[in-house]
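Here is the structure we will look at, set down as structure tokens.
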Amino acid sequence: PKKKKFPGEIQKKNQSWQYRIKKNKNCTLAKSAFVFGTGLINMGTNKYSFLYEILIELEKIQIWTKFLVGSSFSLVNFGSHNFYKNFSLLLENEIISDYLKGGILFGMGLNLNGFWEGEKFFIDKCKLILKEKSPSVVKYGACLGLALNGRKTLKKPKKSQTYHLLKSLITSDSLSGEGATIAIGLLFTGTSSSILLEDVILLIQEIENQKIGKTLSFSLAMIFLGQKDDSEKVFEKLILEKDPSIREGAIFIYSLAFVGTGNILVTKKLLKVLSIDPDDNVKKAVLIGLGFIFFSKYESIENIFLQLSQHYNPFVRYGVCFGLFLSSFKLSCIEKVELILEKLANDKIDFVRQGAYICLGLTFLGSYSSGRKKKTNLIFQKALERNTENSISKFGAYIGSSIMDLSEKIKSNQIRSEKYFFSLILGLFLFIQYWSWIPNLFFINLLVSF
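For the sequence shown, position 141 (counting from the first letter as 1) is numbered 141 according to our numbering, and the numbering increases by one without interruption.
Shown next as structure tokens:
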């Protein structure tokens with residue numbers, strides 16, 4: 001169809017990359033990166049044309065890309081009271097895809113927190129969706145929207161109707177179950193509740209769905225955020241599980257419990273796991289976990305990351321990318337970190353280059369510099385224009401470039417302060433899980449405030 005003209009059209013970046021997306025219409029990664037990046041640079045612009053223009057721009061898109069479009073649409077309309085008041089009409093519209101609806105609910109959860117007086121109406125709407133026979137993807141979005149807006153009010157799961165509602169969804173179907181487990185982690189972050197521990201451990205041992213089992217262990221990591229005393233026993237128990245995804249979760253439980261402490265004993269235990277565990281994803285998690293333990297303490301872990309950046313295993317090198325970023329977050333002098341990331345951006349393995357590109361962009365969130373931007377932007381441009389780069393690494397270059405642009409828009413003084421430390425860590429932890437679920441990219445919005 002002929003493209004309609006709108007006043008104040010959405011900002012679009014990197015025309016050559018757009019051309020490649022159109023040329024390769026079957027490249028889901030390219031389209032996902034485009035939707036995420038375009039939503040990010042248009043955040044808060046209240047451009048209602050966004051939804052129409054994106055769908056026209058990409059023509060045929062897969063169902064989960066529609067979920068991303070819905071999330072982006074909510075973020076573009078950040079701060080629009082008109083959008084907040086009328087969002088329920090979008091959910092009731094039978095023509096609109098269920099995946100768009102689920103994405104809209106997730107996006108509203110990210111941008112609505114404490115901003116609109118009708119927040120209670122949104123929470124009640126999410127609860128109603130979870131109680132009704134709604135499509136699984138809509139329930140998934142409602143779980144996340146509910147959790148992102150309700151986590152200030154819930155502390156005791158035993159007396160919480162919301163907790164029991166979410167718990168009942170875990171075994172209903174795979175998608176609703178995953179949404180419910182993430183929601184439980186978000187709602188009870190840092191509580192180290194004994195009731196939750198008992199319930200979640202039992203579910204991990206009994207549930208047959210591997211993806212939900214993995215998400216349950218990640219949910220425990222959020223629950224134990226900053227809770228050093230209670231985490232060791234849980235780590236020692238889960239690190240012995242046969243399922244590697246549960247062992248991966250055990251690494252994050254221990255790492256988030258000791259976030260920012262630079263604890264040497266915990267570090268030694270994780271390095272031992274790195275040396276003996278046969279699973280690549282567990283090894284990757286160890287390096288990311290070390291980044292959390294040495295959060296903003298790069299000098300204390302510098303030598304280990306430098307050595308492991310040359311490790312033979314590409315999953316280890318990928319983990320080093322995020323470990324470098326996390327350990328140097330908000331530090332003023334990160335030249336050494338940049339040099340290692342730039343080297344990894346030339347790695348022979350595509351997903352290592354992807355991680356390096358994303359982390360080069362992320363470094364600007366903690367320490368923005370217009371001087372650094374020119375150099376880094378050139379790295380991204382070359383990656384996007386090279387014919388030898390495949391869609392996996394180009395995905396990273398586009399995501400990294402989009403985050404760098406966002407950092408210019410918000411500046412570092414708007415990054416979450418110490419008062420919001422848990423939100424910052426949660427945002428980073430969940431964003432990094434894009435590896436297994438691309439919509440998790442949008443959790444980057446937990447890092448910023450407007």
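All C-beta atoms, glycine included, are put in the ideal place defined by N, C-alpha and C.
Can you tell me which of Phe67, Phe252, Leu112 puts its alpha carbon nearest to the alpha carbon of Asn82? Leu112
Would you give the residue range spanned by the alpha helix (DSSP H) that Pro244 belongs to? 244-257
Taking only runs that begin and end inside the segment 178-242, name each unbroken beta strand (DSSP E) of 3 or more residues, in chain order. none
Going along the chain, which residues of its own chain have a beta-carbon closer than 6 Å to the beta-carbon of Gly319, five neighbours each way excluded? Lys284, Leu287, Ile288
Secondary structure, beta strand (DSSP E): runs of 3+ residues fully inside the segment 335-385: none
Boundaries of the alpha helix (DSSP H) in which Asp124 is found, first to last residue: 119-131
If you compare alpha carbons, which of Leu68, Leu256, Thr215 is closest to Ser245? Thr215
If we define contact as Cβ-Cβ less than 8 Å, is Glu236 a contact residue for chain D? Of the protein chains in the structure, only one exists, and it is not chain D.
By alpha-carbon positions, which one of Ala147, Ser328, Gly291 ends up nearest to Glu119? Ala147
Taking Cβ positions, are Ala397 and Tyr434 nearer each other than 8 Å? no
In whole angstroms, what separates the C-alpha of Ser231 from that of Ile264? 16 Å
Among Asp124, Cys143, Cys333, Phe258, which residue has its Cα nearest to the Cα of Gly366? Cys333
Would you identify the three-state DSSP class for Ile438, choosing helix, strand or coil? helix
Close beta carbons around Ile239, own chain, < 7 Å, minus the five adjacent residues each side: Arg247, Ala250, Val273
Cα-Cα separation between Gly107 and Thr261, rounded to whole angstroms: 32 Å
Between the Cα of Tyr163 and the Cα atoms of Phe252, Lys127, Asp173, which residue gives the shortest distance? Lys127
So what's Pro314 in DSSP terms, helix, strand or just coil? helix
Of the choices Ile438, Val448, Leu447, whose alpha-carbon is the least far from that of Ser462? Residue numbering for the chain in the displayed model covers 1 to 450; residue 462 lies beyond these limits and cannot be assessed.
What residues in its chain sit with their C-beta under 8 Å from that of Asn413, if we drop five residues either side in the sequence? Bear in mind that the predicted position of Asn413 carries a pLDDT of just 49, short of 50, making it unreliable; the figure below should be weighed with that in mind. So the list is empty, once near-sequence residues are dropped.
Quick one: residues in its chain with C-beta nearer than 6 Å to the C-beta of Phe329, no 5 flanking neighbours on either side, listed in chain order? Ser296, Gly366
Grab the span of the alpha helix (DSSP H) containing Ile301 for me, first residue to last. 298-308
Could you tell me the alpha carbon to alpha carbon distance between Pro157 and Asn303, rounded to whole angstroms? 42 Å
In chain order, what residues of the same chain lie with their CB nearer than 7 Å to the CB of Ile129, ignoring the 5 residues before and after it? Val138, Lys139, Ala142
For the candidate residues Phe351, Val234, Met43, Leu446, whose alpha-carbon lies nearest to that of Phe421? Leu446
Closest to Ile182 by C-alpha separation, out of Glu241, Glu208, Gly213, would be which residue? Gly213
At the level of alpha carbons, what is the spacing between Ile54 and Ile293? 40 Å
Taking the alpha carbon of Ser172 as the reference point, which residue from Ser192, Leu202, Ile207 has its own alpha carbon closest? Ile207
Would you please state the rounded distance, in angstroms, between the beta carbons of Phe188 and Leu196? I believe it to be under 8 Å. 6 Å
Nearest by alpha-carbon distance to Val453: which of Glu299, Glu342, Gly355 is it? Outside the displayed range of the chain (1 to 450) lies residue 453, so it cannot be described from this structure.
Let's test the definition: count the other Cβ atoms within 10 Å of the Cβ of Thr388 and tell me whether it reaches 16, buried, or not, exposed. exposed
Beta-carbon separation (whole angstroms), Lys373 vs Phe364, contact threshold 8 Å: 7 Å
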